[in-house]
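Written below as structure tokens is the structure these notes are about.
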Amino acid sequence: MSSSRGPSRTRLGLLFATAIVLITSCFTLVPALAADTLLSQGKTVTASSSENAAFPASAAVDGNAGTRWASAFSDPQWIQVDLGATASVSRVVLTWEAAYARAFQIQTSPDGTTWTPVYTTTTGTGGTQDLTVAGNGRYVRMYGTQRATAYGYSLFEFQVYGSTGTSNPPGCGTANAAQGKPATASSSENAAFPASAAVDGNAGTRWASAFSDPQWIQVDLGSSQAICGVTLTWEPAYARAFQIQTSPDGNAWTPIYSTTTGTGGTQTLDVTGNGRYVRLYGTQRATAYGYSLWEFAIRTGSGGSTPSPTPTITPTITPPPDPGGDKLLSYNKPGVASSTQNDVNCGNCTEARAFDRDPATRWATSSTTGWVDPGWIYVDLGATAQIHKVILQWDPAYAKAFQIQTSPDAVNWTPIYSTTTGTGFKQTLTVNGTGRYVRMYGTQRGTAYGYSLWEFQVWGTGGAPITPPPLPPDPRTPPQLVWSDEFNGAAGSKPDAAKWTPEVGPGVNNELQYYTNNNNATMDGNGSLVMEARRETTPGSACPGGPCQYTSSRLNTYGKFNFTYGRVEARIKVSGTKGLWPAFWLLGADFFSQNRPWPYVGEIDIMEHLGREPQTVYSTIHAPAYFGGGGFGSPYSIAGDFASDYHVFAVDWNSQGMKFTVDGNVIHTVDRATLETTKGPWVFDHPFFIILNNAVGGDWPGPPDGTTVFPQKMLVDYVRVYQ
């Protein structure tokens, strides 16, 4: 089939933010933090727009003063951070780039919808503004209303300080029980950073580990204590995933706190446990360096020493079978691997990506040290479990020979499955074993690359499972109309602003038009929307070869109608002539809501038409493992010209697959199970939105030539969604 659109086609950065980093799709409540603690670093962030993909909203909360968010060149603009839990906000620090705000507010919100100003100015100074504020909310926003320059708004860092709860639970002491006590660690970077430096009470000395996972530091309190709080003062080399564990003897460990979304900075954790030994056990670094703590402080209860208890959870305990049947045990559990990749080809491809039930993120072994045998990854289920099924969704870098192994202690491993003929793609393995830890141990790679998994799921009973978010329901039978636009407005009226947003600016993918603010989109008075492509120059614009020589229209429903599954159809008379590229398609809403890049969000092209192929249309889906020219789709041809009449283009989409039709004729079918075992992960179980556009030029259709006729109209009779 002909090549479909490449990545740049879906960079909708005409009005909204684009993104170049992966962001997790789950919100996690962070532990209670002390007053004036940095709360925003690494949290989920969104913005009204981004100048381009190089300046995403996430860059303002990444702790890196060399990266920045930059907005579109208009007023108003905003950036907001989700702190994960309601916080008492005491301070906001804005580190501006030269494009700063003259007038802006700092606002808080409980829900991201209703906002309360806690700071207002019309005389912003730029530079670094350290603002004392007083407010409460889960969301904090910088809302700019007047730019100080002709450019947009740009922040190197947007830091929110405060607390999400009390610093100590009732009855918990304030003294540091760890100070001066014996400390040991799995490693030290060198002699200058020993374990003892993290418990010496000196905020200018620190422990630093080797640059690998896992690593740990433990303190011997001298006698068993009731542990009620731990404070970690991180150097920039902090832990993304770690546990706080206690032990009566330094051998058998019980987790009393676990996270896969560590924030760095100062983390004050309320915990409950008993033990003589307390350990920080890091399983995923947040940087390429090791783990480093200025201070590892421990608070104990007022009752003092207690008899050494028997741990309530140890690697040797086997819980009773779960009467509810097999469950997903590995979701959001900490993982450890032989190595991980973090470069331009696979950014932040850490162990956690294999256990997040997100088929668009993956773990991969290091591109510099990990393209070797053996390679492995294991998951800590939190308690002993009975393992009955393992699902591996491989990236093309798969294992030809591997074992599935279980262990009670992550040291001694028992094989429960072994093969030398691994097939890659999706493998669902029926197994039978017992253990707290489950490992994929690869001994022969299937390619010259390393090992990489989109998903590593462990199913069974026992363990300590975290319930994942529910999957969306399939459409009703029969489906019912839930949204539509019949375009019955008066002649010359504009598209319904409650349903459609016009995208404004130059095209992408080497398109040659400038999309206008509905100048090229009107009702014809006969029940159709007209999206007209014209030969006219937009002064000051930039298209390949100079100012854009054409104008046209592109509309989307993001934020006004997002949906998962259903029948989506439109009756369209496409534009024709060489160089035209009309399309009707869907894009994952997390492209905007999470600033997630294409193709990770998924794309469903219901109809694409090339003016140079008047008799043919294309239906295609795109995902991380199949996109651009490698997208999965089919063409459909008729005897005549699609531009000569209206045709109904539709997709029927549910949790098991898709069916694409033209005028009721099935042209392409996607069976989910077959896709996963032959192409790669299915990434279509989340909300999408609708896009209509009438492009001129581009990599796939090519440019207009001397035979091209303008203007060209794409007519849309209706768009309907049934669920």
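Numbering (this note's numbering), first residue to last: 659 to 1381.
For each residue, glycine too, the CB sits at the ideal point set by N, CA and C.
All figures in this text were calculated on a predicted structure; none of them were measured in a lab.
Going by DSSP, L1087 is part of no alpha helix (DSSP H) but of the beta strand (DSSP E) stretching over K1084 to R1103.
By the C-beta density criterion, R1020 is buried, having at least 16 other C-beta atoms within 10 angstroms. L951 is bridged by DSSP to W865 and W892.
Per DSSP, L1268 is not a residue of any beta strand (DSSP E), being assigned neither H nor E. Assignment of beta strand (DSSP E) within the stretch 784-857, counting only whole runs of 3 or more residues, yields 786-805, 812-821 and 841-843 in chain order.
DSSP assignment within the stretch 1186-1257 yields the following whole beta strand (DSSP E) runs of 3 residues or more, N-terminal first: 1187-1193, 1208-1210, 1212-1214, 1224-1231 and 1238-1246. Rounded to the nearest angstrom, the gap between the Cα atoms of H1344 and T1222 is 6 Å. Rounded to the nearest whole angstrom, the CA to CA distance from Y1216 to A1297 is 36 Å.
Runs of the beta strand (DSSP E) lying entirely within the stretch 1029-1083 and spanning at least 3 residues, in chain order: 1033-1052, 1057-1065 and 1072-1077. Per DSSP, reduced to three states, the secondary structure at R1330 is helical. The C-alpha of D1321 lies about 29 Å from the C-alpha of T1365. R1011 sits in a helix when the DSSP states are folded into three classes. Taking C-beta separations shorter than 7 Å and ignoring five residues to either side along the sequence, the partners of A1156 in its chain run K1218, following chain order.
Using a Cβ distance threshold of 8 Å, W1117 and F1083 do not count as a contacting pair. In the three-state DSSP reduction, F731 falls in the coil class, being neither helix nor strand. Between the stretch 698-718 and the stretch 732-750 there are three or more inter-stretch CB-CB distances shorter than 8 Å, so the stretches are counted as touching. By the CB criterion at 8 Å, S905 and R937 fall inside the cutoff. Boundaries of the beta strand (DSSP E) harbouring K1317: G1315 to V1320, taken from the DSSP string. Taking C-alpha positions only, T1105 is separated from N1351 by approximately 40 Å. Exposed is the label assigned to T1027, since fewer than 16 other Cβ atoms lie within 10 Å of its Cβ. Annotation: R1254 to G1286 spans about 17 Å, alpha carbon to alpha carbon. Under DSSP, V750 shares a beta bridge with L789 and V818.
For G933, the uninterrupted beta strand (DSSP E) segment begins and ends at T924 to R943. Collapsing the DSSP output to three states places G1288 in a helix. The C-alpha of A1228 is placed about 46 Å away from the C-alpha of L697.
DSSP places W1340 outside any beta strand (DSSP E), giving it a letter other than H or E. If the five residues before and after Q837 are omitted, its C-beta is found closer than 8 Å to the C-beta atoms of V857, D858, G859 and A955, all from its own chain and listed in chain order.
The C-beta distance from V747 to G802 rounds to 18 Å, too long to fall under 8 Å, and the pair is not in contact. In its chain, beyond the 5 residues on either side, P1202, G1356 and D1357 have a beta carbon closer than 6 Å to the beta carbon of N1168.
The Cβ-Cβ distance between V750 and T786 does not fall below 8 Å. Under the 10 Å beta carbon count, S1295 is surrounded by fewer than 16 other beta carbons and is classified as exposed. Leaving aside the five residues that flank W1158 on each side, the residues in its chain whose CB is nearer than 6 Å to its CB run, in chain order, L1213.
With fewer than 16 other CB atoms across the displayed protein chains lying within 10 angstroms of its CB, L1139 is exposed.
The beta carbon of P734 lies closer than 7 Å to those of Y801, G802 and T803 in the same chain, with the five residues before and after it left out.
In the structure shown, S1110 falls within a strand segment according to DSSP collapsed to helix, strand and coil. Straight-line measurement puts the Cα of Q765 at about 7 Å from the Cα of Y777.
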